[in-house]
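Worksheet: the structure to be examined is printed underneath.
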Amino acid sequence: MSLWSRKELQEIFTCKLPDNFSVEGISIDSRTLVSGDLFFALKAGQSDGHNYVLDAASKGASAVVVSHLIPNCPCSQILVDDTFKALNDLGRYGRLRSKAKIIAITGSVGKTTAKEVLLQTLAAFGSVSASVASYNNHWGVPLSLARLPKDAKFGIFEIGMNHPGEITPLAQMVNPHVAIITAIAPAHIGQMGNLENIAKEKACIFDGLAEDGVAIIPDSSEFTSLLRQKAMARHPERVYIFGNQDSSDVKLVGYDLVNGQAKLTIGLGQKDKVNVNFALLGQHLANSALIALAVSKALRLDVQKTIAKLSEIQQIEGRGRIHKVLLENREVSLFDDSYNANLSSALAAVKTLSTISPDKEGRRIAVLGEMLELGSFALDHHAQLIKSCLSMNVDKIYLCGGSVMEQAYAIVPEENRGAYFRTAQDLIPIVLRDVGDGDIVLVKGSKGSRVSCVAESILKQNQKRG
Numbered sequence: 083m084s085l086w087s088r089k090e091l092q093e094i095f096t097c098k099l100p101d102n103f104s105v106e107g108i109s110i111d112s113r114t115l116v117s118g119d120l121f122f123a124l125k126a127g128q129s130d131g132h133n134y135v136l137d138a139a140s141k142g143a144s145a146v147v148v149s150h151l152i153p154n155c156p157c158s159q160i161l162v163d164d165t166f167k168a169l170n171d172l173g174r175y176g177r178l179r180s181k182a183k184i185i186a187i188t189g190s191v192g193k194t195t196a197k198e199v200l201l202q203t204l205a206a207f208g209s210v211s212a213s214v215a216s217y218n219n220h221w222g223v224p225l226s227l228a229r230l231p232k233d234a235k236f237g238i239f240e241i242g243m244n245h246p247g248e249i250t251p252l253a254q255m256v257n258p259h260v261a262i263i264t265a266i267a268p269a270h271i272g273q274m275g276n277l278e279n280i281a282k283e284k285a286c287i288f289d290g291l292a293e294d295g296v297a298i299i300p301d302s303s304e305f306t307s308l309l310r311q312k313a314m315a316r317h318p319e320r321v322y323i324f325g326n327q328d329s330s331d332v333k334l335v336g337y338d339l340v341n342g343q344a345k346l347t348i349g350l351g352q353k354d355k356v357n358v359n360f361a362l363l364g365q366h367l368a369n370s371a372l373i374a375l376a377v378s379k380a381l382r383l384d385v386q387k388t389i390a391k392l393s394e395i396q397q398i399e400g401r402g403r404i405h406k407v408l409l410e411n412r413e414v415s416l417f418d419d420s421y422n423a424n425l426s427s428a429l430a431a432v433k434t435l436s437t438i439s440p441d442k443e444g445r446r447i448a449v450l451g452e453m454l455e456l457g458s459f460a461l462d463h464h465a466q467l468i469k470s471c472l473s474m475n476v477d478k479i480y481l482c483g484g485s486v487m488e489q490a491y492a493i494v495p496e497e498n499r500g501a502y503f504r505t506a507q508d509l510i511p512i513v514l515r516d517v518g519d520g521d522i523v524l525v526k527g528s529k530g531s532r533v534s535c536v537a538e539s540i541l542k543q544n545q546k547r548g
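My numbering puts the first residue of the sequence shown at 83, with every later residue one more than the last.
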């Protein structure tokens with residue numbers, strides 16, 4: 083089944099298209115476009131997608147959406163006044179035509195992990211479409227909706243923000259049956275000013291909640307009552323609360339690490355308890371299992387089937403995955419949690435590191451990239467992270483980033499210092515040289531710090547031998 087038919091596109095864009103025309107996918111990047119995609123020539127900053135129309139056509143684009151015609155273009159051109167508005171129009175139409183149960187996720191941490199866990203668990207009940215990577219902003223959300231297949235049974239969409247006022251229009255576009263807030267934490271606090279402002283903006287996800295929808299919120303925030311009040315203003319069918327509190331609807335009542343796997347005991351209501359083997363390490367990542375069970379209850383799915391699927395979850399790259407690596411003659415454990423970071427998730431990762439015993443006489447090592455978008459809070463948050471590392475028995479600390487990381491490194495006692503460099507790339511040879519037999523190495527930092535390249539290099543060194 084094609085993603086979009088000729089008839090649909092002609093109605094949406096008031097255009098004429100060839101007979102037997104159809105679209106198999108949606109693209110905004112000619113580098114990743116595949117044959118049959120509809121290409122939108124978007125403008126962003128200094129980049130103009132119109133410069134890549136001929137490249138898209140040469141790769142088999144079914145048509146291109148442009149605001150001015152491109153000479154000598156061999157494929158159909160759909161002429162619109164504004165290509166970004168056209169993408170939004172297609173995304174809205176994609177939502178309107180869908181009969182899927184739609185789930186929207188926001189939160190300061192854990193959005194992508196929750197999405198990936200839901201993607202795997204909901205697959206037990208039917209076809210699932212989910213936003214790619216972290217496509218959660220003003221262009222990523224309409225793009226993801228435009229990619230929603232007609233026959234999908236479930237659709238999962240991330241909604242992110244950097245500044246006030248961004249979530250409401252995206253939530254209204256997604257119009258979810260289930261709206262989830264994963265956590266309230268100091269991500270983007272440099273732009274938002276304080277945690278209360280972050281909580282208020284995240285709560286705007288409920289502005290788009292469908293009639294008789296369900297809200298899912300965490301109990302671990304001082305703003306839980308604020309979130310609940312905002313959700314209740316939409317008159318939802320139900321508000322589910324998850325976390326560690328006795329009164330929560332879905333709660334973590336037991337957590338153990340056994341042979342590199344998390345053993346979760348989860349309470350459902352006041353009496354029922356279930357046991358889940360979970361591949362994602364760290365109590366902060368266990369929240370994604372709680373969210374999956376809350377969604378299962380919200381959509382009236384088979385909870386036992388969800389539990390079974392949770393036990394089959396595969397570890398996710400960059401999100402708490404442990405790799406056993408051989409570097410020359412040194413056996414090293416890589417704890418790769420490098421996908422992204424703010425203070426909350428970084429502290430949680432360090433806490434998890436402290437619970438994992440190194441092999442032989444190995445050490446706990448933390449390789450930390452800068453946490454970004456913290457504004458005036460930057461030094462304080464990085465200092466808190468360093469102090470946590472020291473209190474959690476981290477033996478060596480390696481840092482990369484700007485001047486704030488240099489200042490943070492000055493806090494590290496001499497015996498705990500590994501190295502500091504401005505770029506993660508410069509850290510690579512030092513870390514590869516210094517890690518010893520039996521060491522466990524945590525890699526954590528904001529995506530923009532590019533500290534993930536350290537984890538990638540460790541894995542590549544291992545692959546060279548095997």
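Glycine included, C-beta positions come from ideal geometry on N, C-alpha and C.
- When Cβ pairs closer than 8 Å are counted between the two stretches, the stretch 262-274 is seen to touch the stretch 417-432, the count reaching three or more.
- Here Arg532 has Ala506 as same chain residues with Cβ atoms under 6 Å from its own Cβ, once five neighbours each way along the sequence are excluded.
- Residue environment analysis places Pro153 among the exposed positions, since fewer than 16 neighbouring C-beta atoms fall within 10 angstroms of its C-beta.
- Distance from Val210 to Phe236 at the Cβ level is roughly 5 Å; contact confirmed, criterion being Cβ atoms closer than 8 Å.
- In the structure shown, Cys482 adopts extended strand secondary structure according to DSSP, grouped into three states.
- Distances from the CA of Lys387 to each of Ala206, Ile94 and Ser144 were compared; the closest alpha carbon is that of Ala206.
- Note on geometry: alpha-carbon atoms of Ser415 and Cys471 lie some 18 Å from one another.
- For Tyr337, the enclosing beta strand (DSSP E) covers residues Val332 to Val340.
- In this chain, the beta strand (DSSP E) harbouring Arg320 covers Arg320 to Gly325.
- Looking only at Asp328, Asp111, His259 and Ala168, the smallest Cα-Cα distance to Ile184 is reached by His259.
- Proximity of the stretch 334-351 to the stretch 156-168 falls short of the contact definition, fewer than three beta-carbon pairs being nearer than 8 Å.
- The three-state reading of DSSP puts Thr505 in coil, since its state is none of H, G, I, E or B.
- Contact check for Trp86 against Ser109 fails: the beta carbons are separated by 8 Å or more.
- For the set Lys98, Gln202, Glu452 and Pro224, the Cα lying nearest the Cα of Leu124 is the one of Pro224.
- Straight across, the Cα-Cα distance linking Leu172 with Ala228 is about 6 Å.
- Annotation: Ala315 to Thr250 spans about 14 Å, alpha carbon to alpha carbon.
- DSSP places Ala212 outside any alpha helix (DSSP H); the residue lies instead in the beta strand (DSSP E), whose first and last residues are Val210 to Ala212.
- In this structure, the beta-carbon distance from Phe324 to Lys333 falls below 8 Å.
- Look at Glu413 here: in three-state DSSP terms it is strand.
- If you check the CB distance, Leu408 and Leu524 do not come in under 8 Å.
- The three-state secondary structure of Leu136, taken from DSSP, is helix.
- Assignment of Phe103 by DSSP, reduced to helix, strand and coil, places it in the coil class.
- Between the stretch 380-398 and the stretch 190-205 there are three or more C-beta pairs closer than 8 Å, enough to call the two in contact.
- The beta carbon of Asp233 sits closer than 8 Å to the beta carbons of Met83 and Ser209 from its chain, once the five residues preceding and following it are set aside; these are given in chain order.
- Where Asp119 is concerned, the enclosing beta strand (DSSP E) starts and stops at Asp119 to Phe122.
- Inside the stretch 381-455, DSSP marks whole beta strand (DSSP E) runs of 3 or more residues at positions 403-409, 412-418 and 446-451, from first to last along the chain.
- Closest in alpha carbon position to Glu93, among Cys286, Gly131 and Gly176, is Gly176.
- Listed in chain order, the non-local C-beta contacts of Asn257 below 7 Å within the same chain comprise Arg177, Ile184, Gly290 and Ala292, local neighbours out to five positions each way being set aside.
- Judged by DSSP secondary structure, Pro300 falls within the beta strand (DSSP E) whose first and last residues are Val296 to Pro300.
- An exposed status is given to His245, since fewer than 16 other beta-carbon atoms sit within 10 Å of its beta-carbon.
- Your pair Lys529 and Asn369 does not check out as a contact, with CB atoms roughly 20 Å apart and the cut at 8 Å.
- Distance from Met487 to Glu452 at the Cβ level is roughly 5 Å; contact confirmed, criterion being Cβ atoms closer than 8 Å.
- Between Gln543 and Leu514, the C-beta gap is smaller than 8 Å, which places the two residues in contact.
- Nearest to Gly247 by alpha-carbon distance, out of Lys282, Asn341 and Ala139, is Lys282.
- For the pair Ala465 and Ile447, the CB atoms are not nearer than the 8 Å cut-off.
- Per the coordinates, the alpha-carbon of Val449 lies some 16 Å from the alpha-carbon of Gln489.
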